[in-house]
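Remarks on the structure that follows.
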Amino acid sequence: MKDEIIQKTGAYIASTVLKQPNRVIKADQLLISSGLIDSFSLVDLALFVEDTFNVHLDDSELNKDVFDTLEQLAELVASRAA
Amino acid sequence: MSTFSDLLLDAYRDCPDKVSMTVLLTGHEDLQVTYRQLVEGAAVCANTYEQQGVQPGEVVVLILQHGLELIFAYWGAILHGAIPSIMPFLTEKLQPDRYRADLSALVGITRPECIVTYREFEAEVKAALPEASSVRKLIVSDELVQPAKIDTQTFKGLQRTEKDIVLLQHSSGTTGLQKGVALAHGAVLNQLDSYAHALRINDKDVIVSWLPLYHDMGLIAGFLLPILKRIPLVLLSPFEWVRSPAKLMQAVSKYKGTLSWLPNFAYNFCAMKTRDRDLEGIDLSSWRAISNCSEPMRYESHRVFLDRFQPYGLHESALCTCYAMAENVFAVTQGGIEAEVMIDDINRDAMQSKKLAVPASVDAPSIKMVSAGRPIRNVKVKIVDESGLDLPDRHIGEVVLQSDSMLTEYYHRPDATENALKGGWYFTGDYGYMVGEEVFVAGRKKEMIIVAGKNVYPMDLEELAMEVTGVHAGRVVAFGIFNETTGTEDVILVAEVDTEDQDERDAIGDAIRQTVTRGSAVALRHVYLVDSKWLIKTSSGKNARTANKEKYLSETSN
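Chains H and L are the protein sequences, given in the same order.
Counting from 1 along the first sequence, just add 38 to a position and that's the residue number in this note's numbering.
Counting from 1 along the second sequence, just add 1 to a position and that's the residue number in this note's numbering.
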């Protein structure tokens, strides 16, 4: 499941947030602390993850200490879905 | 005439147990602060400034996150007669050395005597201070000194007069050219009286704000107005609101909020990013005036907001407008309080080519202009042409104004002060027109991009992009394009590159995005790389942003 989360969320970020659909986001690439995802896009990302994987994310989890890479996000989502 | 300290201490004596504000922070119970607690908390800070040798009239820069420490440090400076100024705190995305450069520039121009920050941020601040800087005292927020007792007669702030500067509001400017707008007690209080009248403030009012306090809209409308006019305030953190915009609606519903201020993008943002589950049981019927302010106002943004929240009790009459600027303390005009906001449907071509706001006809493209309302009672507004002569109704020119709430000066910037004030009128740099008393803002003189309420200068972004290897000096252009979906501008950066290798171009594009994002207030997405000689230059060799924007639009619209 983790691979699927990484792949789908990466594709979403590339196309919707970064507006570069062909870009591949690596699982360990820093997302928040690098400025790749800005605060306005964090809400979009949370809404996408919730709707796509049917999990609940809390607003307080939308920060770099909880997840800063797709790998960490996938871990969080997989543990919650399980 | 009184001063800030008089008014705050009057409230302390008259209604010590009245709740001045409720501070909402995730993970904490809602925290209610009475006027007694506000003065007591501020007195500790005032005492600390006194102990540290800060003198009345000296500038205290506050580098603290939104919360009680910042609020007490601010009012403590006021009670001590010092001049507070809030500097934004370092955010996750910003590169520390850029932040240091900004802070260093601010210190260089404003020359504050004191800075207050957290212990863990002390080293960062010290590293940013220029050699032989003006800063004599660096106060750490956990080193405050409790006074023996509070004597409301002895605060040094009571010796200030209405002509003395009470606060500095740092308006954004290009890096290194930060301007601190210096406002006197009398000017701010004139504005609050006049604005409270325009808003028809009554004893049922509750202000709900998530706005940052380092911005004039947050500081004046969402902080000083409620505290000094004894209007209960519900204060949220901007950093929490942006992660969960529904918090604003929840707060309005819970505390029966009546007044809020939002930049245009927030209407779209709230409408699109709130989940139904976060709105269950919400009642927005108490909200009587939500004023759209600080970036160009869009009719469509009001509609999406209304469509989303009308099912939760939002009244259409609550959609208000306001035109404001730090140089006038805050509001110049206000619309929508007693009558609905005027919408003026005008001919698009006449506006663009003839600078005329001609009512629309059925056979030509039109634009719905949203009125910013009428001048509040202490402000006079007129529209002038390039030589400063008055223009009649429906002619587009520069908006100029006169009031008894104008800035005293740009702090330590006599050159900038002289440029802005001519013959007793303040030249705003905004274009607009009037219909009767209604003021419509139609653009701006300065090449400034407004992204989500933040003012950004294209030259700053261009300079950042030029630092990237493979990009050449003077061969970059940045501009803003309005995005209907988000209700604000997207930043586009066009750069000429020599290489034709796609991998190398991708790498340059990424490096530009990263450098600009980490070095400025915007998250740059749209980088358009072009071959050399693409950019149009003006005859003087200067960057022609408008021509390049048109060229970009024509190339990308196909």
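The C-beta atom is built at its ideal place from N, Cα and C for all residues, glycine as well.
Original post:
Where does Gly177 (chain L) sit, in a helix, a strand or coil, going by DSSP?
Top reply: Since pLDDT at Gly177 (chain L) reaches only 49, below the 50 mark, its modelled position is unreliable, and the value read off the structure follows with that caveat. Annotated three-state conformation of Gly177 (chain L) is coil, per DSSP.
**OP:** Name the residue from L:Trp76, L:Arg37, L:Pro97, L:Asn484 whose alpha carbon lies nearest to the alpha carbon of Thr516 (chain L).
**Re:** Answer by Cα proximity: L:Pro97.
Original post:
At a Cβ threshold of 8 Å, is Leu130 (chain L) touching chain H?
Top reply: No, no contact with chain H.
Subject >> Status (buried if at least 16 other CB within 10 Å, exposed otherwise) for Gln192 (chain L) >> reply: By the 10 Å Cβ count, Gln192 (chain L) comes out buried.
Subject >> Inter-residue spacing [alpha-carbon to alpha-carbon] between Gly219 (chain L) and Lys381 (chain L) >> reply: So the two alpha carbons sit approximately 24 Å from each other.
Original post:
For the segment 14-37 of chain L, which residues have a CB atom closer than 7 Å to at least one CB atom of chain H, in sequence order?
Top reply: If the cut-off is 7 Å between Cβ atoms, the segment 14-37 of chain L has Thr27, Gly28 near chain H.
Original post:
Start and end of the alpha helix (DSSP H) containing Phe428 (chain L)?
Top reply: Taken as a continuous stretch (DSSP letters only), Phe428 (chain L) belongs to no alpha helix (DSSP H), being part of the beta strand (DSSP E) at 426-436.
Original post:
Is the CB of Val62 (chain H) under 8 Å away from at least one CB in chain L?
Top reply: For Val62 (chain H), the closest Cβ of chain L is not nearer than 8 Å.
Original post:
By the criterion of Cβ-Cβ separation under 8 Å, what are the contact partners of Val136 (chain L) in chain H?
Top reply: For Val136 (chain L), no chain H residue has a C-beta closer than 8 Å to its own C-beta; the minimum C-beta separation is roughly 29 Å.
Original post:
Could you give the residue range of the beta strand (DSSP E) that holds Pro581 (chain L)?
Top reply: Residue 581 (chain L) cannot be examined here, being either before or after the span of chain L that is shown, 2 to 559.
Original post:
Relative to the ligand HEM, is the shortest distance from any of its heavy atoms to the C-beta of Glu114 (chain L) smaller than 7 Å?
Top reply: By its list of ligands, the structure shown contains no ligand whatsoever, and the ligand HEM lies outside what it can speak to.
Original post:
Can a CB atom of chain L be found closer than 8 Å to the CB of Gln45 (chain H)?
Top reply: False, the Cβ-Cβ gap to chain L never drops below 8 Å.
Original post:
Using the C-alpha atoms, what's the distance from Gly314 (chain L) back to Val253 (chain L)?
Top reply: Between the alpha carbons of Val253 (chain L) and Gly314 (chain L) lies a distance of about 11 Å.
Original post:
Would you report the Cα separation of Asp96 (chain H) and Val457 (chain L), rounded to the nearest angstrom?
Top reply: Cα-Cα distance, rounded: 32 Å.
**OP:** Spatial neighbours of Arg546 (chain L) within its chain, please: CB distance less than 8 Å, with the 5 preceding and 5 following residues excluded, ordered by chain position.
**Re:** Excluding residues within five positions, the ones whose Cβ falls inside 8 Å are Glu448, Pro459, Val478, Ala479, Phe480.
Original post:
Roughly how many whole angstroms lie between the Cα atoms of Arg309 (chain L) and Tyr268 (chain L)?
Top reply: Whole-angstrom Cα-Cα distance: 10 Å.
Original post:
Can you give the beta carbon distance from Trp211 (chain L) to Ser172 (chain L), rounded, assuming they're within the 8 Å contact cut?
Top reply: About 21 Å separates the CB atoms of Trp211 (chain L) and Ser172 (chain L); that is not less than 8 Å, and the two are not in contact.
Original post:
Among L:Asp31, L:Val146, L:Asp103, which has the Cα closest to the Cα of Gly77 (chain L)?
Top reply: If we check each option's Cα against that of Gly77 (chain L), L:Val146 comes out closest.
**OP:** Compare the Cα-Cα distances from Ile338 (chain L) to each of L:Tyr196, L:Leu107, L:Met273, L:Thr487 and report the closest residue.
**Re:** Nearest of L:Tyr196, L:Leu107, L:Met273, L:Thr487 to Ile338 (chain L), Cα basis: L:Tyr196.
Original post:
Roughly how many whole angstroms lie between the Cα atoms of Glu551 (chain L) and Val359 (chain L)?
Top reply: If I take the Cα positions, the gap works out to 24 Å.
Original post:
With burial defined as no fewer than 16 other Cβ atoms inside 10 Å of the residue's Cβ, what is the status of His29 (chain L): buried or exposed?
Top reply: Exposed.
Original post:
In this structure, what does DSSP give as the bridge partners for Pro131 (chain L)?
Top reply: None; Pro131 (chain L) has no bridge partner.
**OP:** On the DSSP bridge assignment, give the partners of Gly336 (chain L) in chain order.
**Re:** BP columns for Gly336 (chain L) point to L:Thr322.
Original post:
For Gly475 (chain L), which option in L:Met88, L:Ile116, L:Glu463 has the closest C-alpha, if you only look at C-alpha atoms?
Top reply: Nearest option by C-alpha distance: L:Glu463.
**OP:** For Ala332 (chain L), I'd like the list of residues in its chain whose CB is within less than 6 Å of its CB, leaving aside the five on either flank, ordered along the chain.
**Re:** The residues are Tyr196, Cys323, Ala325, Ile377.
Subject >> For Lys150 (chain L) and Glu51 (chain L), the rounded distance between their alpha carbons >> reply: C-alpha separation (whole angstroms): 14 Å.
**OP:** Give the secondary structure of Met22 (chain L) by DSSP, where H, G and I count as helix, E and B as strand, and everything else as coil.
**Re:** The answer is strand: DSSP assigns Met22 (chain L) an E or B state.
Original post:
Excluding the five sequence neighbours on either side, which residues of its own chain have a C-beta within less than 6 Å of the C-beta of Glu113 (chain H), listed in chain order?
Top reply: Scanning its chain for C-beta atoms nearer than 6 Å, with the 5 sequence neighbours on each side dropped, one finds no residue around Glu113 (chain H).
**OP:** Mind listing the chain H neighbours of Lys94 (chain L)? Cutoff is C-beta to C-beta under 7 Å, in chain order.
**Re:** Simply Gly73, Asp76.
Subject >> Three-way DSSP call (helix, strand, coil) for Tyr411 (chain L) in this model >> reply: Residue state, collapsed to three classes: strand.
Original post:
With 8 Å set as the bound, which would you pick, yes or no: does the beta-carbon of Ser53 (chain H) sit closer than that to a beta-carbon of chain L?
Top reply: With its beta carbon at least 8 Å from every one in chain L, Ser53 (chain H) lies outside the interface.
Original post:
What number of angstroms, rounded off, separates the C-alpha of Glu410 (chain L) from the C-alpha of Ile202 (chain L)?
Top reply: Going by the C-alpha atoms only, they are around 30 Å apart.
Original post:
If you drop the 5 nearest sequence neighbours on each side, which residues of the same chain put their C-beta closer than 8 Å to that of Ser286 (chain L)?
Top reply: Gly314, Leu315, His316.
**OP:** Report yes or no: do the segment 93-113 of chain L and the segment 55-63 of chain L share at least 3 C-beta pairs separated by less than 8 Å?
**Re:** Taking 8 Å as the limit for Cβ pairs, the verdict is that the segment 55-63 of chain L does touch the segment 93-113 of chain L.
Subject >> Proximal chain H residues relative to Ala453 (chain L), where beta-carbon distance stays under 9 Å >> reply: Ordered by position in chain H, the residues that pass the 9 Å Cβ test against Ala453 (chain L) are Phe78.
Subject >> Neighbour list for Val115 (chain H) in chain L, Cβ cutoff strictly below 8 Å >> reply: Here the premise fails: no neighbours, minimum Cβ distance about 17 Å.
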